[in-house]
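Each residue of the sequence shown is one higher than the last, beginning at 549 in my numbering.
Worksheet for the structure shown next.
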Amino acid sequence: MKITIIDCGSGNLRSAHKAFEKVSTNINKKSNIIVSSMVEDLEDSNFIVLPGVGSFSDFINGMKKINGMHEALNYFILKKGIPFLGICVGMQVLATKGYENKETEGLNWIRGSVKKIITIPSLPIPQMGWNNLEIKANHPIVKNISENDHTYFVHSYLFEVYDKNQIIASVDYGVPISAIIAKDNIIGMQFHPEKSQQVGLDLISNFLIMG
Numbered sequence: 549m550k551i552t553i554i555d556c557g558s559g560n561l562r563s564a565h566k567a568f569e570k571v572s573t574n575i576n577k578k579s580n581i582i583v584s585s586m587v588e589d590l591e592d593s594n595f596i597v598l599p600g601v602g603s604f605s606d607f608i609n610g611m612k613k614i615n616g617m618h619e620a621l622n623y624f625i626l627k628k629g630i631p632f633l634g635i636c637v638g639m640q641v642l643a644t645k646g647y648e649n650k651e652t653e654g655l656n657w658i659r660g661s662v663k664k665i666i667t668i669p670s671l672p673i674p675q676m677g678w679n680n681l682e683i684k685a686n687h688p689i690v691k692n693i694s695e696n697d698h699t700y701f702v703h704s705y706l707f708e709v710y711d712k713n714q715i716i717a718s719v720d721y722g723v724p725i726s727a728i729i730a731k732d733n734i735i736g737m738q739f740h741p742e743k744s745q746q747v748g749l750d751l752i753s754n755f756l757i758m759g
């Protein structure tokens, strides 16, 4: 089993690699886990992971600097149906557009827009820390995950998903925030599963078992 973690110049890649390595061992799946910015490494991947931190526009620009990456992702994810996980900004760029710093076109795999969190004055921006998941839909990605489970967030922008049926879990931060979204073989997590202790590992496990 090959898991490719894409390096677009932004993301907690070491932590993500270690988390996938640990989960692969736990579920007895022998895995080749690589971190790569090379398009050819996507070709024989069983799973593709896109972690990201920073701004929407910087992340998209970083992706565009990798020759052929955008087109390759569209081919392998949308046409070949390889299971995909986007983490934090790696989830946000699935949107149609983002409005951080400037209006920027996203991948448009899950229709929606990424906008600044506007919440009650007592809550700081960014949202930084633990928050309880609210499960919105029955989906394999949240198998054995409960509403008492928390995950770790660091973000100032939220993904406003147009089709609410694609929201699998949310959190309350004065306003509802999409925490897990899904469409076909595509999963997005606004939080960092690699920093979310056992709950995060369980979610990664569910992702790998789904594939």
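Where a beta carbon is used, it is the ideal one built from N, C-alpha and C, also for glycine.
Indicate whether PRO741 and ILE635 have their beta-carbon atoms separated by less than 8 Å.
yes
From VAL747 to ALA567, what distance separates their C-alpha atoms?
12 Å
For GLY616 and ASP555, what's the separation of their Cα atoms in angstroms?
14 Å
Tell me, which residues are paired with GLY687 by DSSP?
Reading off the sequence, residue 687 comes out as His, not Gly. In DSSP, HIS687 forms no bridge with anything.
Report yes if the C-beta distance between ILE553 and ALA564 is below 8 Å; otherwise report no.
yes
Express the C-alpha separation of ILE625 and LEU671 in angstroms, rounding to a whole number.
37 Å
Touch test, the segment 593-608 against the segment 631-646, Cβ-Cβ under 8 Å, three pairs minimum
yes
How is the alpha helix (DSSP H) around ALA564 delimited, first residue to last?
561-574
Between the segment 697-710 and the segment 662-670, do three or more beta carbon pairs fall short of 8 Å?
yes
To which residues of the same chain is PRO688 closer than 8 Å at the C-beta, ignoring the five residues directly before and after it?
ASN754, ILE757, MET758
In its own chain, which residues sit with a C-beta less than 8 Å from the C-beta of SER579, not counting the 5 before and 5 after it?
MET549, LYS550, ILE551, PHE568, GLU569, SER572
Contacts around GLN714, its chain only, beta-carbon distance under 7 Å, and the 5 residues preceding and following it disregarded:
ILE658, ILE729, ALA730, LYS731
What would DSSP say about LEU756, mapped onto helix, strand or coil?
helix
Check whether GLY629 and ASN733 have beta carbons under 8 Å apart
yes
Mind checking which residues open and close the beta strand (DSSP E) that includes ALA779?
Residue 779 falls outside the range modelled here, since the chain spans only 549 to 759, and no answer is possible.
Using a Cβ-Cβ cutoff of less than 7 Å, which residues in the same chain neighbour ILE716 once the five nearest sequence positions on both sides are dropped?
LYS684, ALA685, HIS687, ILE689, VAL690, ILE728, ILE729, ALA730
Just to confirm the assignment: which complete alpha helix (DSSP H) runs, minimum length 4, are found wholly within the segment 622-653?
637-640
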